[in-house]
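Colleague: Got a structure for you, written out below as structure tokens; questions coming shortly.
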Amino acid sequence: MEFGGAIREAKKGTAELVVLAFLEDEPRHGYELTQLIEARSGGALTFNFASLYATLYKLEERKWIQGRWVEKPGQRRRRYYKITAEGRSVLAAQRKEWGQFFELIRDLAGVEHA
Amino acid sequence: MRDRDLREWRTLIRERADREWRELSNDVVDELACHLAEVHAADVTGGASEADARARAFAVLNAASFLEVSKRPRARNMPTGYGHDLRFAIRQLRASPLVSAVAILSLALGIGANTAIFSLVNSLLLRPLPVEQPQQLVTLTNGSWTNPIWEQIRDRRELFDSAFAWSGTRFNLASGGEAEFVDGIWASGRLFETLGVHAILGRTFTTDDDRRGGGPDGPVAVISYDFWQRRFGGAADVLGRTLNIERSPFTVIGVTPPGFFGPEVGRTFDIAIPLGTEPILRGRGSWLDERSSWWLSIMARLRPDQSLDAANAALRAAQPSIRDTTAPGWNNYIPEPFTLASAATGESQLRRRYERPLIVVLTIVALVLVIACANIANLLLARTTARHHEFSVRRALGASRWRLARQLVAESAVLSTAGAVAGVVVARWGSQFLVQQISTRTDRVFLDLSLDARVLAFTIGVTIATTLLFGVVPALRVAASEPMDAIKEHGRSLAARRGGLSGSLVVAQVALSLVLVVAAMLFVRTFTSLANLDLGFNRDGVLVVKVNAERTERPPSAAVSTGIERVDQRPVFGRVLERVRMLPGVVEAGLSTITPVSGQGWNTFVDVSNTPRLDGRQALTFRNAITPRWFAALGMHLVAGRTFTDADRKGAPLVVIVNQAFVRRFLNGQDPIGHTVQRRVIFNRNRPDAPLPAPRDIVGVMADAVYSNVREPIPPTMFEPLAQREESLGAEMALIIRTAGPPMTDVRSIASAIRDVDADLAITFRPLADYVNASVARERIVAMLAGFFGGLALLLASLGLFGLTSYTVERRRAEIGIRMALGAAPRGVVGLVLSGIVTLVAIGVIVGASLSLWASRFVGALLYQVEARDPVTLITAAATLTAIAAIAAAVPAYHASRIDPATVLRESQA
């Protein structure tokens, strides 16, 4: 499934929201995030891996998430990202904002929420 | 396996990031590499083939842009910086191999030449003697001293902590036939003690060994480490072995440490023997009691609390009593006050001869390096201009000015470091080559050229200086590039700025090149005037055979004691001469006590009958004792009177032949034939009542001929028949042979003829031309270096001009095309291109000429028969430079006139 131009633009702004959302329940590493996003969106949403990390670093810089190298026995060394308290409140606020935005779009353009 | 994969991914990520001008921190690279490894591993686990899995991971990598990842201004994302700069710089330099090769090559030559000359300066002028506390050492200046004077100083123990005297010489180790010379020194007993040098094997000699005729252990010798290795293969049982020095047995008692070359810089020694054993070798001809044999150097160690001034004062206070004891009643003996000077860097005759030339040459090579740097700066500037777009893009992407400048400096640093590494190789080879050039067959020059901290610091300093010289200008230019330039067409603003800067570089190059070309011409003219000087004899086709009869007619194993009576050697020499004359390849042959142009000298004070008595050194004439055909063998010309014949023998009327200089000095130009020459007698303690020598009739006048040194004015000289010589004859004579063919061809037959006469004669062969060449070695080497580097400077300057002109043409291509389309003639185009260049060259020549005139004061002393401000040289140099500049600029200018207007116009429309 291909998105049109409007959606592609919107996607950029949603990347941060999506990453924060996927980190809400448990810490995850970058590869795991790409896999999850791809699987949950049925392949519709994919991240260029460098952009994913760029987003992660940006979030980390804002102190919304925190990264940490973890080495488990029998596993490759990985960097796990955990959402911070600040990150959670930002996520909540963004969810609300996006929700209101979709409401508005639905009312104005007659677009049905999936 | 996993680790290796990770490493590979890391490399690939870095590579990609480099290509995008991004810097990634190690942490980020690690994380991205882990990600790719996960992608790869997951595919393999999912059943994909290894190749497919890799391909997919590659695809992930290739789809990525690192722009965002690397922009994080976070601590863990600090630019990895210098390592990256270097890698990138190396890649950039490899991208334009020709430019890089030219730059590295010119730097290798420049830095190499500077390092080579500096390492000579270092070992000759700067490096302290490798002995204990060298700063406490002092030397008695103003030449050599006699042994009686030395003994007086030695016996005044209160003057210094300790002192010693020595004289460098060569010892013949061959038992007969062709001599086998090694470098030797005679030294008084406290040489090693004073210098604080201890034997690494056995012992050094002491005052006990330094008694006349030898100490309790008999005649002993201390050998150098090198000689020990060379001759004895470093054998441990070398102690106690016998060395036959001039066929007298000496016992080896010790080996000095490696690196110790004796008290004189520029020479080394193989064997050192005590001064007291000198009579064993010289017999009755010993110089130990000679008041007019000046052959010793004197060095002392100050007491720890003693200043140089105090030591000088003490020595001068002792001078009158030293004078009275050594030459009583003679007022004019050692008139100059004794003067001590620091000998921390050793004593050196070589230093006196080469100090100034070395500094001049060091300046020359430094200037060449500056010119080379200007060229490289220009090359880099051109390349920077070409890369301007790239730099603007990087600025637009957020790279700071400092970041880009640093990148360019890194490129310059890589260039100069590569140049320096190659330069050190060039320097090793070059300095050794130069030492070989100043060495002669009989006078081996030894300099410790090992790389020490000072040379290393110098090379590193030069490398940094060159980096700054040619790296900073392009870096500043780049720092000035604006991000918006990338969007504009081709960044013309930067290109336009480049012109003025290159212009100044070219002016500097032309000016410095002119200075070097002038210097080169002056030194080459000096050398050619010396080399083509009318010597007064014909140097070609003459062989000089040094015949040493020290060992003849004396049993080698005789119990040696002082005061051995030397047998008069003349009959042996006479027989040698007769025998050699009969050889087919020999045209003429004669014997003399002094070899011309060998640096030897023998002089005396004389009075000429019926002429005013001359004072002081005015009355000094050089002399030589010769056999009748000697003049003919050398090809010297008789001006008046007659030459010697066999009739001028002992018992016949005493005669003498003088040269024209003698006539000018003593006879004021009047006809000398019929006048007599009377030798003055110097007081001799051994023979206080020696009779006045008989006067000699002047029977002939020879044309002036060089006596001991080509550079010196020809001194008044008088020749006496060898058969009528009054004083005892030295053990060594020069056999001058004019040969039918090249001088060295008949060496074997001559050697066997001489051995037939007496197998104990020691002989050495050398063409006369060699002596002449050795006498102008300094001028030759300076001319050679100045000529080479002057030429190099000229080449570099013309390359610089060529580059600048080509660049100007390229930049103004469109303009030239339009002008031609509008009807400009090719001649006008050439003029247009050249006008700017001509101005630059003219400014350069004017600046260079003024610089040359200013610098002339430093080289005057090194020149011969040419003025330092010689206008002809200056004008010729300026004309040569201008001509070469014209050619260098004309080629691109001509190309400009061949530009096809139609093509250019099409290009500019496109």
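Each protein sequence line maps, in turn, to chains F and H.
Letter by letter, the first sequence follows residues 555 to 668 of the working numbering.
Letter by letter, the second sequence follows residues 4 to 913 of the working numbering.
Here a beta-carbon is modelled for each residue, glycine too, at the ideal position from N, C-alpha and C.
Note that this is a predicted model, so its numbers are computed, not measured.
At what residues does the alpha helix (DSSP H) containing F:Tyr634 begin and finish?
Modeller: Note, F:Tyr634: premise wrong, no alpha helix (DSSP H); beta strand (DSSP E) at 632 to 637.
Colleague: Tell me whether the beta-carbon of H:Thr420 lies closer than 7 Å to the beta-carbon of H:Val481.
Modeller: No, the Cβ-Cβ distance between H:Thr420 and H:Val481 is not below 7 Å.
Colleague: Please list the terminal residues of the continuous alpha helix (DSSP H) segment that includes H:Ile337.
Modeller: H:Ile337 -> no alpha helix (DSSP H), and no H or E assigned at all.
Colleague: At a Cβ threshold of 7 Å, is H:Ser28 touching chain F?
Modeller: Answer no: the Cβ-Cβ gap between H:Ser28 and chain F never drops below 7 Å.
Colleague: Go through its chain and collect everything with a Cβ distance to H:Gly159's Cβ below 7 Å, but skip five positions before and after it.
Modeller: Per the sequence shown, residue 159 of chain H should be read as Arg rather than Gly. Hits under 7 Å: Ala321.
Colleague: Thinking H:Asp212 and H:Val223 are a contact (beta carbons under 8 Å), I'd like their distance in whole angstroms, please.
Modeller: With 8 Å as the limit, H:Asp212 and H:Val223 qualify as a contact, their Cβ atoms being about 5 Å apart.
Colleague: Keeping to the same chain, check which residues put their C-beta closer than 7 Å to that of H:Leu96; ignore five residues upstream and five downstream.
Modeller: Taken in chain order, the residues that qualify are Ser103, Glu414, Val417, Leu418.
Colleague: H:Val658 and H:Asp651: beta carbons closer than 7 Å?
Modeller: Cβ atoms of H:Val658 and H:Asp651: closer than 7 Å.
Colleague: H:Met721 to H:Arg783, Cα distance in whole Å?
Modeller: Roughly 30 Å separates the two Cα atoms.
Colleague: Considering only the alpha carbon of each residue, which of H:Ala628, H:Asp164, H:Val428, H:Val105 lies closest to H:Ile379?
Modeller: If we check each option's Cα against that of H:Ile379, H:Val105 comes out closest.
Colleague: Can you list, in chain order, the stretches of the beta strand (DSSP E) that have 3 or more residues and sit fully within the region 188 to 260 of chain H?
Modeller: Counting only runs of 3 or more, we get 223 to 226, 245 to 248, 251 to 258.
Colleague: Pull up the distance between the alpha-carbon of H:Met81 and that of F:Thr568, whole angstroms please.
Modeller: Per-residue confidence for H:Met81 stands at a pLDDT of 38, beneath the threshold of 50, marking its modelled position as unreliable; the derived number appears in the next sentence. Looking at the two C-alpha atoms, the distance is approximately 28 Å.
Colleague: What I want to know is whether the C-beta of H:Arg173 ends up closer than 6 Å to one or more non-hydrogen atoms of the ligand FMN.
Modeller: Of the ligands one can find in the structure shown there are none, so the ligand FMN has no counterpart to examine.
Colleague: With DSSP run on the structure shown, which of helix, strand or coil describes H:Gly474?
Modeller: Of the three classes helix, strand and coil, the one that applies to H:Gly474 here is helix, per DSSP.
Colleague: Quick one: give me the first and last residue of the alpha helix (DSSP H) that H:Trp857 is part of.
Modeller: H:Trp857 -> alpha helix (DSSP H) spans 829 to 858.
Colleague: Throw me the rounded Cβ distance for the H:Val458 and H:Asn125 pair, which I believe falls under 8 Å.
Modeller: With 8 Å as the limit, H:Val458 and H:Asn125 qualify as a contact, their Cβ atoms being about 6 Å apart.
Colleague: Does the distance from the CB of H:Leu837 to the CB of H:Ala789 come in under 7 Å?
Modeller: Not closer than 7 Å, so no.
Colleague: Are the region 525 to 533 of chain H and the region 770 to 786 of chain H touching by the rule of at least three beta carbon pairs closer than 8 Å?
Modeller: In short, these stretches touch, since the Cβ pair count reaches three.
Colleague: Within the region 404 to 441 of chain H, note down every full alpha helix (DSSP H) run reaching 4 residues or more, in order along the chain.
Modeller: Runs found: 404 to 441.
Colleague: According to DSSP, simplified to helix, strand and coil, what is F:Lys626?
Modeller: Correct three-state label for F:Lys626: coil.
Colleague: Output yes or no for whether 7 Å exceeds the beta carbon distance between H:Leu538 and H:Val709.
Modeller: Yes, the pair counts as a contact, with Cβ atoms nearer than the cut-off.
Colleague: For the region 588 to 610 of chain F, which residues have a CB atom closer than 7 Å to at least one CB atom of chain H, in sequence order?
Modeller: Taking 7 Å as the Cβ-Cβ cut-off against chain H, the residues of the region 588 to 610 of chain F that qualify are Asn602, Phe603, Ala604, Ser605, Tyr607, Ala608.
Colleague: From H:Ile114 to H:Ala425, what distance separates their C-alpha atoms?
Modeller: One C-alpha to the other measures close to 9 Å.
Colleague: Given a limit of 9 Å on CB to CB distance, which residues of the region 32 to 59 of chain H reach chain F?
Modeller: So the close ones are Asp33, Glu34, Leu35, Cys37, His38, Leu39, Ala40, Glu41, Val42, Ala44, Ala45.
Colleague: Going straight from the alpha carbon of H:Pro477 to that of H:Leu515, what length do you get?
Modeller: Between H:Pro477 and H:Leu515, the C-alpha separation is close to 21 Å.
Colleague: Should H:Ala402 be flagged as near chain F, meaning a C-beta pair shorter than 7 Å?
Modeller: Output row for H:Ala402: interface = no.
Colleague: By DSSP's criteria, H:Arg741 is part of a beta bridge. Which residues make up the other side?
Modeller: BP columns for H:Arg741 point to H:Val545, H:Glu591.
Colleague: Excluding the five sequence neighbours on either side, which residues of its own chain have a C-beta within less than 8 Å of the C-beta of H:Leu452, listed in chain order?
Modeller: Closer than 8 Å at the Cβ level, and outside the excluded window around H:Leu452, lie Ser122, Leu123, Ser126, Arg431, Ser434, Gln435, Val438.
Colleague: With DSSP collapsed to three states, give me the class of H:Thr624.
Modeller: Of the three classes helix, strand and coil, the one that applies to H:Thr624 here is strand, per DSSP.
Colleague: Taking only beta-carbon atoms, is H:Phe61 less than 7 Å away from chain F?
Modeller: For H:Phe61, the answer is no, since every Cβ of chain F falls outside 7 Å of its Cβ.
Colleague: Around the C-beta of H:Gln663, are 16 or more other C-beta atoms found within 10 angstroms, so that it is buried, or is it exposed?
Modeller: The residue in question, H:Gln663, is buried, as its Cβ has 16 or more Cβ neighbours within 10 Å.
Colleague: Quick test of the definition: if touching needs 3 or more C-beta pairs under 8 Å, does the region 829 to 846 of chain H touch the region 312 to 330 of chain H?
Modeller: No: the two stretches stay apart, fewer than three of their Cβ pairs being nearer than 8 Å.
Colleague: When you check each C-beta in the region 622 to 646 of chain F against every C-beta of chain H, which residues fall closer than 8 Å?
Modeller: The region 622 to 646 of chain F vs chain H, Cβ under 8 Å: Arg630, Arg631, Arg632, Arg633.
Colleague: Compare the C-alpha of H:Ala622 against each of H:Lys653, H:Pro719, H:Gly544, H:Glu715 and name the closest.
Modeller: H:Ala622 has its Cα closest to that of H:Pro719, out of H:Lys653, H:Pro719, H:Gly544, H:Glu715.
Colleague: Closer than 6 Å by C-beta to H:Ala523: which residues in its own chain qualify, once you throw out the five before and the five after it? Chain order, please.
Modeller: The residues are Ala789, Gly790, Gly793.
Colleague: What does the alpha-carbon distance come out to for the pair H:Asp543 and H:Thr328?
Modeller: When rounded, the distance between both Cα atoms is 49 Å.
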